[in-house]
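Peer 1:
Residue numbers (the working numbering), protein chains in the order written: chain A, 83 to 214; chain B, 83 to 214; chain C, 83 to 214.
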């Protein structure tokens with residue numbers, strides 16, 4: 083079963099908690115055991131899992147990535163978003179999460195995030211559920 | 083169903099478009115809905131998804147990664163390719179793609195790439211199709 | 083089928099070979115063909131695949147990552163482990179491995195590692211087997 087969601091980012095770079103979409107897809111799929119693939123169909127964004135309890139963790143990740151991979155560099159691509167493309171390949175455009183007894187296996191501190199690196203934009207996220 | 087492909091790199095570092103292999107595997111598997119796992123069995127290469135429309139994006143990714151993770155550093159491994167091992171772990175040796183109605187879900191700008199970090203070499207890529 | 087393992091790290095940052103857990107899960111699941119998802123439910127650790135033949139590769143990866151993403155920086159999170167959170171998102175908290183004829187497809191030099199970035203700690207690893 084495949085589910086499609088929309089995410090709206092309000093900044094150029096931010097982590098948006100989409101854990102609720104994961105719960106929604108699993109509930110609608112009525113699957114007890116299996117896996118969920120969370121997929122971002124964009125080349126200047128990504129999917130990641132990290133801490134949501136303290137919002138400063140999200141800030142540190144976004145800020146450090148922008149320091150590490152600067153927007154302005156000797157890039158050849160003329161759209162001014164090569165940094166976002168590089169971040170997308172490093173963070174990765176998908177995550178796989180295990181479903182057990184109708185619930186995603188997430189650690190105590192883990193939340194699922196849409197990582198925007200070239201917003202603000204309206205973005206898509208796919209969640210595919212595989213039973214097994 | 084499992085499919086095996088070969089990739090030949092002509093440079094030390096480059097991104098090689100292997101999207102055609104993904105379409106080939108899905109077609110041969112005759113699977114309508116499911117997922118495809120694209121796997122690189124090498125420790126100095128990786129699999130990634132990014133833009134192919136403007137070839138300068140690929141160039142920027144490769145060049146920036148080489149700037150960020152230099153070939154020459156105070157490495158202990160004597161083969162001169164520790165940079166390639168590090169890039170492999172950061173970019174990651176696999177990708178998962180959703181199959182819907184017999185086609186891979188790829189965003190408008192997304193292509194699938196074999197990332198060579200220690201070529202030129204002849205490399206293998208596995209594509210596994212799971213129905214569901 | 084889902085399997086749970088424990089990993090104990092003795093240093094703040096290290097790569098621990100957990101390939102034996104992958105073989106153990108596949109054996110217990112009695113699955114001939116399919117995939118294995120290896121999942122780390124922690125936000126300051128990760129799962130990666132790289133070379134184990136020469137232990138200096140592991141050392142180079144850990145040391146270079148600590149140079150690239152320093153422990154001390156202008157971070158906002160007060161627990162002193164923002165570097166570990168960033169590394170977790172870059173390396174990624176899961177891997178997917180193909181199972182063929184009852185064995186994992188791993189390249190000649192590939193081993194599976196638990197990447198500890200904020201130890202020493204006792205950690206969990208989940209391995210989910212999907213047949214197909």
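For each residue, glycine too, the CB sits at the ideal point set by N, CA and C.
Remember, predicted model here, so these are calculated numbers, not experimental data.
What distance in whole Å lies between the Cβ atoms of residue 187(A) and residue 123(C), which are believed to be in contact at a cut-off of 8 angstroms?
Peer 2: Translated into positions along the third chain, residue 123(C) becomes position 41. Translated into positions along the first chain, residue 187(A) becomes position 105. That pair is a contact at about 6 angstroms.
Peer 1: Are residue 207(B) and residue 120(B) touching if we call contact CB-CB under 8 angstroms?
Peer 2: Here residue 207(B) refers to the residue found at position 125 of the second chain. Here residue 120(B) refers to the residue found at position 38 of the second chain. Cβ atoms of residue 207(B) and residue 120(B): closer than 8 angstroms.
Peer 1: From this set, 209(A), 168(A), 197(A), which residue's C-alpha is nearest residue 97(A)'s C-alpha?
Peer 2: Taking the first chain and counting its residues from 1, the one referred to as residue 97(A) is at position 15. Checked all of 209(A), 168(A), 197(A); the closest Cα to residue 97(A) is 197(A).
Peer 1: Within the 8 angstroms Cβ cut-off, does residue 146(B) reach chain A?
Peer 2: Within the second chain, residue 146(B) is the residue found at index 64, counting from 1. Yes - at least one Cβ of chain A is within 8 angstroms of the one on residue 146(B).
Peer 1: In whole angstroms, what is the alpha-carbon distance linking residue 209(B) and residue 190(B)?
Peer 2: Your numbering for residue 209(B) matches position 127 in the second chain. Your numbering for residue 190(B) matches position 108 in the second chain. Approximately 22 angstroms, taken between the alpha carbons.
Peer 1: Anyone know if the C-beta pair for residue 146(B) and residue 155(A) falls short of 8 angstroms?
Peer 2: Within the second chain, numbered from 1, the residue matching residue 146(B) stands at position 64. Within the first chain, numbered from 1, the residue matching residue 155(A) stands at position 73. The Cβ-Cβ distance between residue 146(B) and residue 155(A) falls below 8 angstroms.
Peer 1: Can you find a CB in chain C that lies within less than 8 angstroms of the CB of residue 58(A)?
Peer 2: One cannot answer for residue 58(A) here, as it falls past the ends of chain A, which runs 83 to 214.
Peer 1: Listed in chain order, which residues of the region 119-147 of chain C have Cβ atoms closer than 9 angstroms to some Cβ of chain A?
Peer 2: Taking 9 angstroms as the Cβ-Cβ cut-off against chain A, the residues of the region 119-147 of chain C that qualify are 119, 121, 122, 123, 124, 125, 126.
Peer 1: Tell me, please, which residues DSSP counts as bridged to residue 116(A).
Peer 2: The residue you call residue 116(A) lines up with position 34 of the first chain. Answer is 181(A), 213(A).
Peer 1: Taking the alpha carbon of residue 100(B) as the point to measure from, which residue in 205(B), 163(B), 116(B) has its own alpha carbon closest?
Peer 2: Here residue 100(B) refers to the residue found at position 18 of the second chain. Looking at the Cα atoms, 205(B) is the closest of the given residues.
Peer 1: With a cut-off of 8 angstroms, does the C-beta of residue 178(C) fall near any C-beta of chain B?
Peer 2: Here residue 178(C) corresponds to residue number 96 of the third chain, with the count starting at 1. Interface residue, yes.
Peer 1: Is there a Cβ of chain A sitting closer than 8 angstroms to that of residue 84(B), yes or no?
Peer 2: Residue 84(B) sits at position 2 when you count from the first residue of the second chain. Not closer than 8 angstroms to any Cβ of chain A, the Cβ of residue 84(B) fails to qualify, so no.
Peer 1: What residues match up with residue 94(B) in a beta bridge as DSSP calls it?
Peer 2: Numbered from its first residue, the second chain carries residue 94(B) at position 12. In DSSP, residue 94(B) forms no bridge with anything.
Peer 1: Is it a yes or a no for the region 135-146 of chain A touching the region 84-92 of chain A, going by three-plus beta-carbon pairs under 8 angstroms?
Peer 2: With fewer than three CB-CB distances shorter than 8 angstroms, the region 135-146 of chain A does not count as touching the region 84-92 of chain A.
Peer 1: Once you ignore the five residues that flank residue 103(A) on each side, which residues in its own chain have a CB closer than 7 angstroms to its CB?
Peer 2: Translated into positions along the first chain, residue 103(A) becomes position 21. By the criterion of a C-beta distance shorter than 7 angstroms, residue 103(A) is surrounded in its chain by 87, 207, 209, once the five residues flanking it on both sides are discounted.
Peer 1: In whole angstroms, give me the CA-to-CA distance for residue 161(A) and residue 179(A).
Peer 2: By 1-based counting over the first chain, the position of residue 161(A) is 79. By 1-based counting over the first chain, the position of residue 179(A) is 97. Their backbone Cα atoms lie some 34 angstroms apart in a straight line.
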